[in-house]
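Chains as they are written, first to last, in the numbering used here: chain W, 28 to 515; chain A, 25 to 119.
Every residue, glycine too, gets a C-beta built ideally from N, C-alpha and C.
Since this is a predicted model, take the numbers as computed values, not measurements.
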Amino acid sequence: MKVDLLPLSRVSAALAAREVSPEALLESSLERIRALDGKLHAFLRLTEGEARAAAKAASQRRERIGPLDGVPIALKDIFCMEGVETTAGSRILKGYLPPYDATVVRKLKQAGAVIVGKLNMDEFAMGSSTENSAFGPTRNPWDLERTPGGSSGGSAAAVAARMVPGTLGTDTGGSIRQPAALVGCAGMKPTYGRVSRFGVIAFASSLDQVGAFAQDVRGVALLLSAIAGHDPDDQTSSTRPVPDYAASLARGVRGLRIGVPAEYFGEGLQPEIDKAVRAGIEVLRSEGCEVKPISLPNSPHAIAAYYIVATAEASSNLARYDGVRYGHRARATQLLEMYERTRAEGFGAEVKRRIMLGTYALSAGYYDAYYLRAQKVRALIRRDFDTAFATVDAVVCPTSPTTAFRLGEKVDDPLAMYLNDIYTVPVNLAGLPGISVPCGFDNKRLPIGMQLIGKPFDEETLLRLAHAYEQRAGFAEQLPPLVEHAGR
Amino acid sequence: MAIDRAQVRHVARLSRLALSPEEEERFAAQLGHVLEYIERLKAIDVSGVEPLSFAGEASSPMREDLSRPCLPREKVLAQAPEQDGQAFLVPRIIE
C-alpha cells in the first residue's frame, strides 16, 4: 500500500525510517486532494506555498523534532492562521486574514507538521452536516449524495478520503465525534480545558473544545499530545501535565470497567447501530473489560438544555461581528442600520436562528424559565456522570443515532437536525472527554461509530479502549469506494 | 410554545438583525417548533439544584501582571472595512 494511504502513526513511522520524504508525501497528498476534492469539497483553500516550505524544512532537518515532523495536517477553518484567510464557514468573515496564529496552530508548526490547508465546516460550527457552510456542503466519501456530518465535516471527510492523515476540528455538541462516526474515522473531543482555544473562533465558550481526527487511534493520540496543555492566553486551559498519550496505549484494557447506559440505546436508534455497538462492547469484554449496565437518567434532556445554553452563549459571542473591526460591512448611513444590515447580509439562516433563540432565552422575563433552568438541568446531567464514574472507568454507547443522512434531508427542519447530536451533547454539557471509533457498517455500507466517554482528564483510558478495540475490529482500515476507485 | 411575528421582530431588533418579512414568518414557525421541544425542561424537577454554568476546573491560575507587546496598530487596522490609519471609521453618530 502507498505510504499516503496509511494511517497517521504509520505515516509518521515511515518518515522516521526515511522510507518516504516529507516533500514526496506532501506531493501525493496534494495530488489526492486535486483528484478528489472536486467531488468532496472538504477543503476551502490550500496553503501550498507554506506547506512546501514546511516540507522542505522538515526534509532538511538532521533530527526529527517529533512524531508529527513532516506529517501533512489540515485545519478546520475555525483556527486562525496568520495571513491565511479564515472564515469559520461564514460570509461575514470572507477575506479575513488573521494577524496571528491560534495556539494550536503555533504548536503544530513547532512540532514540524506540514499544514496543507483549511477545511469546510458549518457556519460558526453551527450544524451537523456542513450544509450550513456559506461555501457549499462537503460530501461523504462513502456516498457522495450524503453528508459527512458536521460541523467539522471537512476535517472528517479529508481524513476518510486519505487526503491527509490528520486534521484538527472543534466540538461544541458533537462536531468532532459525529462526523468521525459518519465517515468511519477516529475523532476525539478532549476534556473541556485540555486544549487551548486561543485563536479559535468562538461559538459557545463553556462548551467549545479543540480535538483531532485520524484514521487510527494512535494518530489521534499523537495529535493530542502535540496540541494539549496550558496556555497563558486561555484562562480556561488546564495546568495539568500532558501525558504521552501514544505511550499509554501499550497498557492494554484488562480489568477496565465499562458502563453501558440504557438511555443511549432507546427509541430513534437505527437497529444496525444498536447491533454494531453491542457487538463492539462484546469485543471489549473479550479483551478483559468488565461490562456493567448503568443509568444516565437526565441525558435525554440534554438537547433541550444544550439549545438554550449554546445559543445564549453564541448570541453573546457573535455580537462582535458588527462590521467595524473586521469582516463584512453593509453600506449604510446610520450606525444601527449598518449593524443590522451587516449581520443580515453576513450570517446564514441557522446562525440567525441560533442568535435569536439565545437572545430570546436571555431576554427580560424568560431568563429564569429558560437559561437558569437549562443550567440546572446541565448540573443534573453532570451529576449522573459523576455517579456513574464511581463504579465504571468509561461509558460506551453509539456516537450518532443514524448513519450518514442525505444532503437536503434535514436542512429545513432545525429540530430534526439538532436531534442528531442526542448522544454527543451530554458529554459537552458535562465537560468530559469523548472519542468515536469506527465499529462497522450498515446495510448501505455506511460507517457506524462507537462512542467512549471518560472521566475528566482521563483521555488515556479512552484512547486505550479505542485502540484495543480498533486492533481487534479492523474497520478503520477499509477504504471508501471513492478512494478505492482512484487507485492504490 | 408559539412565538409570533411581533416577538420575532423584537428579538431580531435586540440581536441587531434586519429580517425580511419572509424570514420573520419562517423563523417564527421554526423557532416555535424548537421552543415547543425545549418546553420539556419545565417538567424536570430541579428543586435544590445549583446551576452549572461551566464544567471546567474550579480554579484558574493567575499570571504575573506584566505589560507585553501587543499587535502593531497597522496590522490590526488592515482587517477593518473602513479605517484612516489611526482608528476604525463608522457612520457618524453625533451630529
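Classification of residue i by the beta-carbon crowding that lies within 10 angstroms, buried from 16 upward
i         : result
W:Ile-92  : exposed
W:Asn-447 : buried
W:Asp-413 : exposed
A:Leu-113 : exposed
W:Pro-94  : buried
W:Arg-59  : buried
W:Gln-262 : exposed
W:Pro-320 : exposed
W:Ala-253 : buried
W:Asp-258 : buried
W:Cys-316 : buried
W:Thr-266 : exposed
W:Cys-424 : buried
W:Ala-6   : Shown here, chain W extends from 28 to 515; a query on residue 6 of chain W therefore has no answer.
W:Pro-453 : buried
W:Ala-401 : buried
8 Å Cβ cutoff met for residue i and residue j
i         : j         : result
W:Thr-430 : W:Leu-473 : yes
W:Pro-192 : W:Gly-246 : yes
W:Leu-71  : W:Leu-146 : yes
W:Ala-346 : W:Ala-231 : no
W:Val-310 : W:Arg-499 : yes
A:Leu-41  : W:Leu-384 : no
W:Ala-513 : W:Leu-63  : yes
W:Gln-297 : W:Thr-451 : no
W:Leu-255 : W:Leu-276 : The sequence shown places Ala at residue 255 of chain W, rather than the Leu named in the question. No, they are not a contact pair.
W:Ser-179 : W:Lys-103 : yes
W:Leu-135 : A:Val-58  : no
A:Val-100 : W:Thr-386 : no
Length of the line joining the Cα atoms of residue i and residue j
i         : j         : result
W:Ala-329 : A:Asp-108 : 48 Å
W:Glu-172 : W:Asp-149 : 17 Å
W:Thr-174 : A:Pro-115 : 42 Å
W:Tyr-397 : W:Val-222 : 30 Å
W:Asp-243 : W:Pro-270 : 19 Å
W:Asp-485 : W:Pro-268 : 12 Å
A:Glu-49  : W:Lys-121 : 28 Å
W:Leu-407 : W:Ser-160 : 34 Å
W:Glu-290 : W:Arg-284 : 18 Å
W:Glu-511 : W:Ser-182 : 20 Å
W:Thr-74  : A:Ala-26  : 48 Å
A:Pro-85  : W:Leu-434 : 45 Å
W:Ala-14  : W:Val-47  : Residue 14 of chain W lies beyond the stretch modelled for chain W, which goes from 28 to 515, so this question has no answer here.
W:Lys-471 : W:Tyr-333 : 31 Å
W:Val-111 : W:Val-141 : 14 Å
W:Thr-113 : W:Pro-125 : 7 Å
For residue i, the three-state DSSP class (helix, strand or coil)
i         : result
W:Ala-255 : strand
W:Thr-218 : coil
W:Val-510 : helix
W:Arg-515 : Model confidence at W:Arg-515 stands at a pLDDT of 48, short of 50, so the residue's coordinates are unreliable; what they give is reported in the following sentence. In this structure, W:Arg-515 counts as coil in the three-state DSSP scheme.
A:Arg-50  : helix
A:Arg-93  : Arg is not the amino acid found at residue 93 of chain A; the sequence shown has Pro there. Residue state, collapsed to three classes: coil.
A:Gln-103 : coil
A:Glu-119 : coil
W:Pro-465 : strand
W:Gln-478 : strand
W:Ala-401 : helix
W:Phe-230 : coil
W:Pro-288 : strand
W:Asn-602 : With chain W covering only 28 through 515, there is no way to say anything about residue 602 of chain W.
W:Gln-242 : coil
Neighbourhood of residue i by C-beta, 8 Å cutoff - its chain only, sequence neighbours within 5 removed
i         : result
W:Val-227 : Ile-105, Phe-106, Cys-107, Ala-129, Val-131, Thr-197, Asp-235, Val-237
W:Tyr-366 : Asp-349, Gly-350
W:Asp-213 : Reading the sequence as shown, one finds Ala at residue 213 of chain W and not Asp. Ala-207, Phe-240, Ala-241, Gln-242, Asp-243, Val-244, Gly-246, Val-247, Ile-462, Ser-463, Val-464, Pro-465, Ala-493, Glu-497, Ala-503.
Nonlocal neighbours in the same chain, by C-beta distance under 7 Å from residue i, ignoring five residues either side
i         : result
W:Pro-483 : Thr-218, Gly-458, Leu-459
W:Cys-466 : Ala-303, Val-304, Gly-307, Ile-475, Gly-476, Met-477, Ala-500, Phe-502
A:Asp-28  : Ala-52
W:Thr-199 : Ala-152, Phe-230, Ala-231, Leu-234, Asp-235, Ala-337, Asn-455
W:Glu-50  : Ala-82, Lys-83, Ser-86
W:Gly-354 : Ile-119, Leu-120, Tyr-123, Tyr-348, Gly-373
W:Tyr-445 : Ile-330, Tyr-334
W:Leu-67  : Thr-165, Arg-166, Pro-168, Ala-184, Ala-188
CB contact check: residue i to chain B, cutoff 8 Å
i         : result
W:Tyr-450 : Protein chains in the displayed structure are W and A, and chain B is not among them.
Residues of its chain near residue i, where Cβ-Cβ distance is below 6 Å and the 5 sequence neighbours each way are ignored
i         : result
W:Glu-299 : Asp-469
W:Ala-588 : Residue 588 of chain W lies beyond the range of chain W shown here (28 to 515); nothing can be said about it.
W:Asn-325 : Leu-407, Ile-408, Asp-411
W:Ala-388 : Ile-335, Ala-339, Tyr-397, Tyr-398
Residue i beta carbon near the ligand ZN (any heavy atom closer than 7 Å)
i        : result
W:Ala-69 : The ligand ZN is not part of this structure, which contains no ligands at all.
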